[in-house]
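All residue numbers for the sequence shown refer to this note's numbering, where the first residue is 1 and numbers rise by one.
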Amino acid sequence: MLLEILRGRVARLVLVTKDRLLRFGSGLLFRICEFFGVEVVILDTAPDASREQQLTEDLVEILTVFSSRLYRSRSRKNLRALAA
1 MLLEILRGRV ARLVLVTKDR LLRFGSGLLF RICEFFGVEV VILDTAPDAS
51 REQQLTEDLV EILTVFSSRL YRSRSRKNLR ALAA
């Protein structure tokens with residue numbers, strides 16, 4: 001999708017919620033859309049959280065991603081050890 005935006009093939013991006021597209025870093029995508037003239041439409045416009053709340057949510061999401069990767073790699077390692 002990002003490549004399509006960069007190529008100028010997207011005129012409007014419609015999202016259910018602000019954070020539905022990306023776990024974190026949606027602000028960067030919105031800036032890219034603005035730069036390339038892409039209209040961003042968010043259907044569920046909940047009130048914006050405070051900066052502290054946004055930072056907390058971003059950190060929790062980052063920890064969730066990394067912990068799932070850690071547990072997934074640990075699980076694979078244990079499965080290989082059992083198979084040997």
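All C-beta atoms in this analysis are idealised placements derived from N, C-alpha and C, irrespective of residue type, glycine included.
- Taking C-beta atoms as the reference points, Val10 and Val38 count as a pair closer than 8 Å.
- Membership of Leu15 in the beta strand (DSSP E) is indicated by the continuous run 12–15.
- Rounded to the nearest whole angstrom, the CA to CA distance from Leu79 to Leu22 is 31 Å.
- Counted as a single uninterrupted DSSP element, the stretch harbouring Val38 is not any beta strand (DSSP E), since DSSP gives it neither H nor E.
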